[in-house]
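Asks:
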Amino acid sequence: MIEFERNTLAIVISDVHIGNDSCRIDEFIIFLENIIQNLINRNLRNLKALIILGDFFDLNATSFEDLCSNHQYFHIYNKLNEIKNQEIEIILVLGNHEVSTSLFYNLQFSGRKKRFLKRLEYFSFPHNFLNRQNVCQYLILISIDNNIYLALIDSIHKDPFAWFHLGNGSFLNNETYFMCHGFQFEDKDTHHLITGWWDYGRNLSEGWKKYLSSKWSKFKASIEKRDNSRFYKNIKTALEEDNVFSHIIFGHTHDCEIKETRILNTGCWLKDSNPSYLEIFNDGSCELYELNYE
Ligand SMILES: [Mn+2]
């Protein structure tokens, strides 16, 4: 069993890819059970938020209908509902396997998010833990006048639409976290080249999606590991120019790794990688953990 830290304020994960045949569903359920167990034995007594940084659902591998009716996934949803019932905020930051990220995704995000949630609702998703107030594109963890907040943002052109108060006190030590799924750091040409295919793939029938995603994993294994150096270069520039964030946390490329101590990739829950998670502590520091099930 995972022993989380007592001063953990938030747990961050990404890229679970529910609906993908390579999703580590069983390990993820155990992980959520571990959180619940740690809440029960008061080890996670300071936990305020569970943050899911996108590609939680893999709509390129399956359909809304499957996500809302496959009882294998219900164990995950039930655990998340249980965590939410313990007064832990659950935040879902959407990724490119959930909504279209083509063209002006900042301008179109709100509408796409609304449609995404409507589709879940249409198929009666057991979604106590998901609604318009806790689904967003960007997330900022910040301390203002001795209050800690999570600010939820849909577009860089707009102010946060929700502020979750996580507690009082001089926590965080002026550290400020910026979080998103990570497709935003792709080079423009790469991004637009790929997202067109992504959107096309999302509209295929469930059978075709399953067929193509099984082919894709074989194809991926046969080619060299993708070089993400340009991707990381974009994050560095973002950090330097804005200079208001002390940490940038994201997923998307599936590599669990720390780049320059303050740029962290939370990895994924797919079978070709080890699952991983990040803990953000009350004092503003954080730690990335990889789990080994082999
Ligand atoms: Mn992604």
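The sequence shown begins at 942 in our numbering and counts up by one.
Just so you know, even glycine gets a beta-carbon here, dropped at the ideal spot from N, CA and C.
Between which two residues does the beta strand (DSSP E) carrying E1023 extend?
Replies: Here E1023 belongs to no beta strand (DSSP E); instead the alpha helix (DSSP H) covers H1012 to N1026.
Asks: Inspect the CB distances between the segment 1118–1131 and the segment 1100–1109 and report whether three or more fall short of 8 angstroms.
Replies: Too few Cβ pairs lie closer than 8 angstroms, so no.
Asks: Compute the Euclidean distance between the alpha carbons of I1085 and F1126, then round it to the nearest angstrom.
Replies: Taking the straight line joining both Cα atoms gives about 27 angstroms.
Asks: Could you tell me whether the Cβ atoms of E1030 and K989 are closer together than 8 angstroms?
Replies: In contact: E1030 and K989 (Cβ atoms closer than 8 angstroms).
Asks: Is the beta carbon of L1093 sitting closer than 8 angstroms to the one on G1225?
Replies: Their beta carbons are not under 8 angstroms apart, which means L1093 does not touch G1225 by this criterion.
Asks: Under 7 angstroms from any heavy atom of ligand 1, by CB: list those residues in chain order, please.
Replies: Any residue whose Cβ sits closer than 7 angstroms to a heavy atom of ligand 1 makes the list: D956, G995, D996, G1036, N1037, H1038, H1122, G1123, F1124, G1192 and H1193.
Asks: Unbroken alpha helix (DSSP H) runs of length 4 or more, entirely within the segment 1128–1208: which are they?
Replies: You should have 1129–1143, 1147–1163 and 1170–1183.
Asks: So the candidates are F1191, I954, L1044 and R947; which of them puts its Cα closest to the Cα of W1240?
Replies: There is no way to answer for residue 1240, as the model of the chain reaches only from 942 to 1235.
Asks: Cβ of R1143 within 8 angstroms of Cβ of L1000?
Replies: The answer is yes: Cβ separation under 8 angstroms.
Asks: Assign R965 to one of two classes, buried (16 or more other C-beta atoms within 10 Å of its C-beta) or exposed (fewer than that).
Replies: Flag for R965 reads buried.
Asks: Between A1002 and S1111, what straight-line distance do the alpha-carbon atoms span, to the nearest angstrom?
Replies: Cα to Cα, the separation comes out at about 44 angstroms.
Asks: Near K1025, which residues of its chain fall below 8 angstroms by C-beta distance, leaving aside the five closest residues on each side in sequence?
Replies: For K1025, where only same-chain residues beyond five positions count, the Cβ hits under 8 angstroms are I1031, N1069 and F1070.
Asks: Go through its chain and collect everything with a Cβ distance to W1139's Cβ below 6 angstroms, but skip five positions before and after it.
Replies: Answer for W1139: N1037, listed in chain order.
Asks: Quick one: which unbroken alpha helix (DSSP H) runs of 4-plus residues sit fully inside the segment 1066–1140? Chain order, please.
Replies: Correct list: empty.
Asks: For Y1079, count the other beta carbons within 10 Å of its own beta carbon; 16 or more makes it buried, fewer makes it exposed. Which is it?
Replies: The residue is buried, with at least 16 neighbouring Cβ atoms inside 10 Å.
Asks: Hey, L1232 and N1215 are a contact pair by Cβ (cut 8 angstroms); roughly how many whole angstroms apart?
Replies: Correct: roughly 6 angstroms between the Cβ atoms.
Asks: Indicate the three-state DSSP secondary structure (helix, strand or coil) for Y1234 in the structure shown.
Replies: Looking at Y1234 - three-state DSSP - the assignment turns out to be coil, as it is neither helix nor strand.
Asks: I'd like to know whether the C-beta atoms of Y1218 and E968 end up nearer to each other than 8 angstroms.
Replies: Cβ atoms of Y1218 and E968: not closer than 8 angstroms.
Asks: State yes or no: is the C-beta of L1021 within less than 8 angstroms of the C-beta of L973?
Replies: Cβ atoms of L1021 and L973: closer than 8 angstroms.
Asks: Cβ-heavy atom distance between H1012 and ligand 2 below 7 angstroms?
Replies: Absent from the structure shown: ligand 2. Ligands present: ligand 1.
Asks: So the beta strand (DSSP E) E1220 belongs to, where does it begin and stop?
Replies: Where E1220 is concerned, the enclosing beta strand (DSSP E) stretches over S1217 to F1222.
Asks: List in chain order: all unbroken beta strand (DSSP E) runs of 3+ residues lying wholly within the segment 959–1012.
Replies: If we require 3 residues or more, the beta strand (DSSP E) runs fully inside the segment 959–1012 come out as 990–993.
Asks: Starting from L1061 and walking both ways along the beta strand (DSSP E), at which residues does that stretch end?
Replies: Taken as a continuous stretch (DSSP letters only), L1061 belongs to no beta strand (DSSP E), being part of the alpha helix (DSSP H) at Y1046 to Y1063.
Asks: Give the straight-line distance between the Cα atoms of L980 and I992, rounded to the nearest whole angstrom.
Replies: About 16 angstroms.
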